[in-house]
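Shown next, in structure tokens, is the structure this report addresses.
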Amino acid sequence: MKRKLMAAATVAAMTASVAACGTGGEGSSDTLTVWLMTGSAPEPWLDELNAAFEEEHGVEVNVELQEWNGIQERVTTALSEDGTVDVLEVGNTQTPAFAATSGLADLTDLKDQLGYDAWYESTLATAEFDGRLHAAPWYTANRAVIYDKAMWEEAGAEVPTTRDEWVEALQLIEDNTDYEPIYMPGQNFYVFAGFVWDEGGDFAVEDGDGWVGTLDSPEVEAAMEFYSQLQSFSDSPTDNDEATPQQATEVIPQSEVATWIGLPWQAEAALDALAEEGRDVDYGYFPIPGKTADTLGSVFLGGSNLAVAERAGNKDMAVEWLTMATSAEWMTKFAEATPMLPNQEAALGETEEGSFLEVMGETAAYGEFFPLAPGWANVEVVPNPIKEMMTAVLDGEAHESAAGTADAELTERINRD
Amino acid sequence: MSAKTPDVVAAPDRQREQGRALTRLLPYLLIAPAVIALGLVLGGTLFRNVLISLQEFGRRQLISRTTEWAGLDNYVEVLTNDRFWSTLVRTFVFMAANVVLIMVIGTLCGLLLLRLGKRMRLVLSISLVLAWAMPIIPSTTVFRWIFDTQFGLVNWLMRTLGFSGYDQHNWFDSGLSTLTIATLLIVWTSVPFVALNLYAGLTTVSGEIYEAARMDGASAWRIFWSIVLPIMKPFFLITTFLEIIWVFKAFAQIYALNGGGPNRASETLPVMAYVAGMGQQQYGIAAAISVVTLLILVVAMSFYFRLILKQEKEQS
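So the sequence lines, in the order shown, correspond to chains A and B. Offset between the first sequence (1-based) and my numbering: plus 683. Offset between the second sequence (1-based) and my numbering: plus 4.
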């Protein structure tokens, strides 16, 4: 939010200047501009890839790292201009929205070159729009439960296989220790999404030509009940999400948290931050438990695609770079260097036992996506009506009224392109 | 001789006339760069903004570079939206509360500055200047942390003082509470302007007047009411209008505190326009909101300019 502000002036000035640019391309043939999100690509992998690319094509690659916060506005602006960016990483939930604007190059004819057939089918859903391919899947990651082995042992809690066992374990920590059983911000909407899918519910359904919000439903209400139950074990306020304050680096190192839910790189970041505080912590990982022991909890299959900008200054080279980065050879190296799932099975090496990656492999089959509507991206922008609903319910408002308000807003936004 | 005279007389006349023309033009020439710069920077932007407000303009239109004229649709949508009207009311109440507090506290501080001894005056002046000089985003960030739910200073202080219920008190859980903190922040940074200017103005008032009033047995309140206020009337009027404009368009403080939340309950008009435009990429709607905001400000400004013009007339 703060970063967004630095760039903020009055809306009048901003909108006008955004609209005013877009003339004069600055694309030159011997450099390539690539936008990646912070934390996505490990630096050694990226350096090696770019050096290899430069050697083969004689084109220098200029990587510009972007923050997730406020990314939609920046991508919108960049895609409206000529030659600002050649290749860009797009979050998978946002890809349909940008594909619908025709700002992403159509890659349908390049399927063979890109190795389309080797990709995980589950990740393709977000890269294709109206039967055309607009991006190449790059990596996915899903959430798992991260627990402090020593704290759990001290409380006498064991790794659960069902939701009930999970709650029992948290209760043991609450009763037997002074630790915070679980850190659960009020608006961890990606975790909440998993609970909704566990109930067989969803956030919106197609209705005729458009979409309708389905928050005011028994499924979502049940999911919210379970979320409230977990949240009651946490000291966290009800109006923050996992990113503000950043749970891995700003909350965990400052508190005695026994359990939290996060992504692989967040676990790594938290361990680094804890080490900096002089705390030696041993983390274990387990899948978010399902309602019964024979199933796991649903998870949002988060991840990123790589796309070529329609107005790239250097489109041919952009396609070459994208092909190389998402190829089996480079994805294998990628998988070795990061805890993320690569875009194809062939690239996945052996996973260490008890590692985050192993847990992610188990849960991948329970991965789900948000409604694949171009307007979904509008729902996720601040203020996200689903997050507002979560806070309202946690603060005691009846589900029906909070969900009704949120449904109205969601329906309005998801049908906007 | 006599035939030549007009020529001789005419030469200096022409020169004088040229000189006079130059003198007449000079003010305009001097102000021209400022006007041209304003025209280019503000005028151009404003013109684009009005154009955008008449279009259906979102992410798709921006990227695909299509222009879809929508007439007054955006204005109709804004003006028929309940949220717009409640935000408008909220903006005015917020502004009024802030301006009153700023003027009252600022005036008291200004009077205090006049009364204080040399050393304490220096201390107070420095604290005022520091508050005035504080950049907006850092001070807002500091306030955000002071009132933080988990790690905040205020909650710690309340607990330490023995108040219950401040273990996890969320100061940003309602629009009112959020705007109260915003008020604290804005008043704190705006008081110095009023206080220092009032003090500067008061130093030009001769001490004899006060002395005479005191001899006549006037109370402090009476002195303020019958002497300070009439003498400083232009100052009070102009400062009040300036503060109205400043608070009305206050954006960064409110947005950085809580993003206009919870659930958009602390949004004022500028924040609402920003959320609609930069947040939800509905640039057409955002432009319409900002045009309406601008019109409201123009009305306020017109009073301000009338005051200034009236004063100039009185002085000349």
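Note that the Cβ used here is the ideal one computed from N, Cα and C, for glycine as well. Here the structure is a predicted model, which is why all the values come from computation and not from measurement.
Task: Where M276 of chain B falls, given that 16 or more other Cβ within 10 Å makes a residue buried - done: buried
Task: Assigned secondary structure, Y966 of chain A (DSSP; H/G/I helix, E/B strand, else coil) - done: strand
Open item on the list: Looking at chain B, is there any beta carbon in it that lies within less than 8 Å of the beta carbon of D1100 of chain A?
Closed with: yes
- [ ] Measure the CB-CB distance between A749 of chain A and Q285 of chain B and report whether it falls below 8 Å.
- [x] Reading the sequence as shown, one finds Gln at residue 749 of chain A and not Ala. Cβ distance not < 8 Å, so Q749 of chain A and Q285 of chain B don't count as in contact.
- [ ] Just the chain A side, please: which residues come within less than 8 Å of S90 of chain B by C-beta, in chain order?
- [x] The contacting residues do not exist; S90 of chain B stays about 14 Å from chain A at best.
TODO: Measure the alpha-carbon distance for F252 of chain B versus S1038 of chain A and round it to whole angstroms.
DONE: 54 Å
Open item on the list: Cβ closer than 8 Å: which chain A residues qualify as neighbours of Q3 of chain B?
Closed with: As displayed, chain B neither begins before 5 nor continues past 320, which places residue 3 of chain B out of reach and without an answer.
TODO: Report yes if the CB atom of P920 of chain A is closer than 8 Å to the CB atom of Q59 of chain B, and no otherwise.
DONE: no
Open item on the list: Quick check on the DSSP output: what are the complete alpha helix (DSSP H) runs of length 4 or more inside the region 151–193 of chain B, in order along the chain?
Closed with: 157–164
- [ ] Taking 8 Å as the cut-off, decide whether the C-beta atoms of A941 of chain A and D1100 of chain A are in contact.
- [x] no
TODO: For my contact list, V1062 of chain A and I1097 of chain A are in at a C-beta cut-off of 8 Å; report their separation, rounded to the angstrom.
DONE: 6 Å
Open item on the list: Within 10 Å of its beta-carbon, does G166 of chain B have 16 or more other beta-carbons around it, so buried, or fewer, so exposed?
Closed with: exposed
Open item on the list: Using DSSP's beta-bridge definition, name the partner residues of G1101 of chain A.
Closed with: Residue 1101 of chain A is absent from the model: chain A starts at 684 and stops at 1100.
Open item on the list: Between which residues of its own chain and A783 of chain A is the CB-CB distance below 7 Å, once the five residues before and five after are set aside?
Closed with: F812, P1057, D1100
Task: Nearest to F255 of chain B (by Cα), restricted to the options B:Y308, B:M99, B:V45 - done: B:M99
Task: Per-residue DSSP class, three states only, for D858 of chain A - done: helix
Task: Any alpha helix (DSSP H) of 4 or more consecutive residues that is wholly inside the region 845–933 of chain A - done: 846–859, 872–881, 901–914
Open item on the list: For I1069 of chain A and E1028 of chain A, what's the separation of their Cα atoms in angstroms?
Closed with: 34 Å
TODO: Check whether the Cβ atoms of P779 of chain A and L1055 of chain A lie closer than 8 Å to each other.
DONE: yes
TODO: Determine, using beta carbons only, whether F176 of chain B and F147 of chain B come nearer to each other than 8 Å.
DONE: no
Task: Pairwise C-alpha distance: Y278 of chain B and Y910 of chain A - done: 32 Å
TODO: Give me the Cα-Cα distance between F239 of chain B and L202 of chain B, rounded to the nearest whole angstrom.
DONE: 8 Å
Task: Cβ distance (whole Å) where N1026 of chain A is taken to contact Y799 of chain A below 8 Å - done: That pair is no contact at about 10 Å.
Open item on the list: List, in chain order, every chain A residue whose beta-carbon is nearer than 8 Å to that of Q172 of chain B.
Closed with: D918, P920
Task: Test: T164 of chain B CB closer than 8 Å to a CB of chain A - done: no
Task: Partners in chain B for Q870 of chain A, counting only beta-carbon separations shorter than 8 Å - done: Under the 8 Å cutoff, chain B gives no residues; its nearest Cβ is about 10 Å from Q870 of chain A.
Open item on the list: For a cutoff of 8 Å on Cβ pairs, would you count P266 of chain B as touching chain A?
Closed with: yes
Open item on the list: If we define contact as Cβ-Cβ less than 8 Å, is Q154 of chain B a contact residue for chain A?
Closed with: yes
Open item on the list: So A783 of chain A contacts chain B; which residues on that side make the cut at Cβ distance below 8 Å?
Closed with: R64
Task: Opening and closing residue of the beta strand (DSSP E) in which Q749 of chain A lies - done: 743–749
Open item on the list: Please confirm whether G786 of chain A has its beta-carbon closer than 8 Å to some beta-carbon of chain B.
Closed with: yes
- [ ] Name the one or two DSSP bridge partners that V842 of chain A has.
- [x] In the DSSP output, where bridge partners are listed per residue, V842 of chain A has none listed.
Task: Own chain partners of V191 of chain B with C-beta closer than 8 Å, once the 5 adjacent residues on each side are dropped - done: N102, L105, I106, I109
Task: the region 1041–1054 of chain A touching the region 957–977 of chain A, judged by at least three CB pairs closer than 8 Å - done: yes
Task: N775 of chain A: first and last residue of the uninterrupted alpha helix (DSSP H) it sits in - done: Premise fails: N775 of chain A is in no alpha helix (DSSP H) and is neither H nor E.
TODO: Express the C-alpha separation of L33 of chain B and L26 of chain B in angstroms, rounding to a whole number.
DONE: 9 Å
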